Amino acid sequence: MFATPAFAQTAASGGAAGALTSFVPLILIFVIMYFLLIRPQQKKVKEHRNMVDQLRRGDQVVTQGGIIGKVVHVAEGNEVQVEIAEGVKVKVLRHTIAQVISKTEPVA
1 MFATPAFAQT AASGGAAGAL TSFVPLILIF VIMYFLLIRP QQKKVKEHRN
51 MVDQLRRGDQ VVTQGGIIGK VVHVAEGNEV QVEIAEGVKV KVLRHTIAQV
101 ISKTEPVA
């Protein structure tokens with residue numbers, strides 16, 4: 001009879017600490033996911049955006065479709081004109097350029 005209120009008080013006070021310790025693994029998992037997945041992906045997107053913004057006429061590029069060509073005209077909008085063969089020019093969206101193979105030097 002006397003022991004019952006004592007057990008109830010200990011369970012109530014330990015319940016708040018127990019709830020906090022049960023969230024620690026979830027927080028730890030989120031931190032690990034951030035550093036292993038989210039942060040590297042954001043860094044990769046930022047590098048790609050910088051690469052696409054620095055495109056110049058004469059750069060040799062590879063599109064996401066695997067087409068290799070030379071940048072002929074860089075428009076102000078989303079489009080870049082790429083020459084894939086002599087006399088064959090196609091318009092490509094900037095974000096579809098996967099890689100810059102060789103860059104041209106800027107004119108002094």
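Mapping the sequence shown onto this note's numbering, position 69 (from 1) lands on 69, and the numbers just tick up by one. Idealized CB from N, CA, C, for every residue including glycine. The model shown is predicted, which means the values in this text are computed figures rather than measured ones.
- Task: Could you check what DSSP says for Val-42 in three-state terms: helix, strand or coil?
- Result: Note that residue 42 corresponds to Gln in the displayed sequence, not to Val. Gln-42 falls in the helix class under three-state DSSP.
- Tell me, please, whether the segment 83-98 touches the segment 47-55 by the rule of three or more beta-carbon pairs shorter than 8 angstroms. yes
- Same chain, Cβ closer than 8 angstroms to Arg-57, neighbours up to 5 away in sequence not counted: Val-71, Val-72, His-73, Val-74, Thr-104
- Query: Looking only at C-alpha atoms, which of Lys-43, Leu-36, Ile-68 sits nearest to Ile-101?
  - Reply: Ile-68
- Query: Taking C-alpha atoms, which residue in Leu-20, Ser-22, Gly-65, Val-80 lies nearest to Gln-54?
  - Reply: Val-80
- Could you tell me which residues DSSP puts in a beta bridge with Gly-69? Val-61
- Nearest-angstrom beta carbon gap, Val-82 and Val-109 [assumed within contact, 8 angstroms]: In the structure displayed, the chain extends from 1 to 108; residue 109 sits before or after that span and is not available.
- Helix, strand or coil at Ile-97 [DSSP, three-state]: strand
- For Ile-84, the nearest candidate out of Gly-66, Gly-77, Leu-36 (CA to CA): Gly-66
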